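J.: Please see the structure below; I have some questions.
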Amino acid sequence: MFGLDKVFGLATGIVLAAGLSAANATVIDFTDAGTGTSGSLFKGAVTWTLTSNGTLNNSQAFDGNPTPAGTPLSFQTDGYGVGDDEISTSSRVTQYIDLTFSAPTLIDAIYFLDLFVARNIQTAEIGLASIDGGAPIALLATDIAGSGTAGFVSALFAPVLATVIRFTVFDTNDLLGVADGALAGVGIAPVPVPAAGLMLLGGLGGLAALRRRRKTA
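Take 15 as the starting number for the sequence shown in this note's numbering and just add one per residue.
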């Protein structure tokens with residue numbers, strides 16, 4: 015049974031985590047050459063790990079021109095793929111990369127590279143991101159294949175809690191090979207500071223009510 019001390023500890027922990035998140039909004043940049051297959055957020059409060067059904071690879075240098083503007087990514091590498099620098103889907107195999115957080119984490123953006131539209135404009139590559147087994151977020155290519163561009167696509171959305179995100183690529187392609195694309199980044203959303211304050215007030219109010227009930231019991 016929960017004692018008041020445990021309830022207070024839980025409420026305080028939530029508030030501290032909220033305040034910490036607000037101060038450390040960030041992006042996990044998989045185009046940064048220094049980003050490995052695991053790391054931490056919010057001064058170690060949350061850890062994350064990449065796994066896949068193959069060998070993770072982010073060793074290829076970024077080769078797009080021009081470099082996409084107005085994003086938080088560094089574009090040092092071409093992002094993460096499986097086996098090579100891309101996540102591929104074919105009649106033989108559907109590759110995937112899973113991003114797993116040690117605790118539910120608010121995300122607000124997904125970034126892909128190397129997604130292209132066929133030159134005949136009849137088909138295109140689509141990156142997919144499924145959060146906790148739900149319906150996938152679809153990122154439709156806009157760059158034309160063979161144009162020398164980066165095939166960069168981003169999806170920005172209202173913050174969503176995620177524990178596991180699975181990244182795959184739909185089976186339509188740019189007619190220059192199999193359907194493929196690279197995982198470039200994931201945006202981590204802050205919890206607004208005012209919300210943290212409201213959570214604190216709510217927690218303290220609940221504690222006061224519990225104390226009153228105990229006194230009248």
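Heads up, the beta-carbon is just placed ideally off N, CA and C, and yes, glycines get one too. Since the model is a prediction, treat every value here as computed from it, not as a measurement.
Would you grab the beta carbon distance between ARG119 and THR65 for me? Rounded to a whole angstrom, and I think it's under 8 Å.
T.: Here residue 119 refers to the residue found at position 105 when the sequence shown is read from its first residue. Here residue 65 refers to the residue found at position 51 when the sequence shown is read from its first residue. Looking at the sequence itself, residue 119 is Thr, so the reference to Arg does not match. Wrong, their Cβ atoms sit about 16 Å apart, outside the cutoff.
J.: Mark ASN67 as exposed unless 16 or more other C-beta atoms lie within 10 angstroms of its C-beta, in which case mark it buried.
T.: Here residue 67 corresponds to residue number 53 of the sequence shown, with the count starting at 1. So ASN67 ends up on the exposed side.
J.: Return yes when the C-beta of ASP92 is under 6 Å from any heavy atom of the ligand PLP, and no when it is not.
T.: Among the components modelled here there is no ligand, and therefore nothing to report on the ligand PLP.
J.: Looking at the structure shown, is SER88 part of a helix, part of a strand, or coil, going by DSSP?
T.: One-based indexing of the sequence shown puts residue 88 at position 74. Here SER88 sits in coil by DSSP.
J.: Can you give me the Cβ contacts of PRO86 inside the same chain, cut-off strictly under 6 Å, excluding the 5 residues immediately before and after it?
T.: Reading the sequence shown from its first residue, position 72 is the one you call residue 86. Excluding sequence neighbours, PRO86 sits near VAL41.
J.: Between which two residues does the beta strand (DSSP E) harbouring PRO150 extend?
T.: Here residue 150 refers to the residue found at position 136 of the sequence shown. Element bounds for PRO150: n/a, residue is neither H nor E.
J.: Assuming GLY93 contacts ASN79 under a Cβ cut-off of 8 Å, what Cβ separation, rounded to an integer in Å, is found between them?
T.: Here residue 93 refers to the residue found at position 79 when the sequence shown is read from its first residue. Here residue 79 refers to the residue found at position 65 when the sequence shown is read from its first residue. Wrong, their Cβ atoms sit about 16 Å apart, outside the cutoff.
J.: Would ASP146 be called buried (16 or more neighbouring beta carbons within 10 Å of its own) or exposed?
T.: Taking the sequence shown and counting its residues from 1, the one referred to as residue 146 is at position 132. Looking at its Cβ environment, which holds fewer than 16 other Cβ atoms inside 10 Å, ASP146 is exposed.
J.: Nearest to SER88 by alpha carbon, out of VAL60, GLY48, GLY58 and THR108?
T.: For this step, residue 88 is matched to residue 74 along the sequence shown. The candidate whose alpha carbon is nearest that of SER88 is GLY48.
J.: For the beta strand (DSSP E) that contains LEU64, what are its first and last residues?
T.: On the sequence shown, position 50 is the one that residue 64 refers to. Start and end: 60-66.
J.: So which of THR63, SER102, ILE151 and ILE111 has the shortest CA-CA distance to VAL174?
T.: Within the sequence shown, numbered from 1, the residue matching residue 174 stands at position 160. Cα-wise, what sits closest to VAL174 is ILE151.
J.: Here's the rule: buried if 16 or more other CB atoms are within 10 angstroms of the residue's CB, otherwise exposed. What is LEU190?
T.: Position 176 of the sequence shown, counted from the first residue, corresponds to residue 190. Result: exposed.
J.: Among ALA172, GLN74 and THR103, which one has its Cα closest to the Cα of GLU139?
T.: Within the sequence shown, numbered from 1, the residue matching residue 139 stands at position 125. For the residues ALA172, GLN74 and THR103, the minimum Cα distance to GLU139 belongs to THR103.
J.: Please confirm whether SER105 has its beta-carbon closer than 7 Å to some beta-carbon of chain D.
T.: The structure shown contains no chain D; it is built from a single protein chain.
J.: Going by C-alpha to C-alpha distance, which of LEU55, GLY199, ASP46 and ARG133 sits closest to ALA117?
T.: Within the sequence shown, numbered from 1, the residue matching residue 117 stands at position 103. Comparing Cα positions, the closest option is LEU55.
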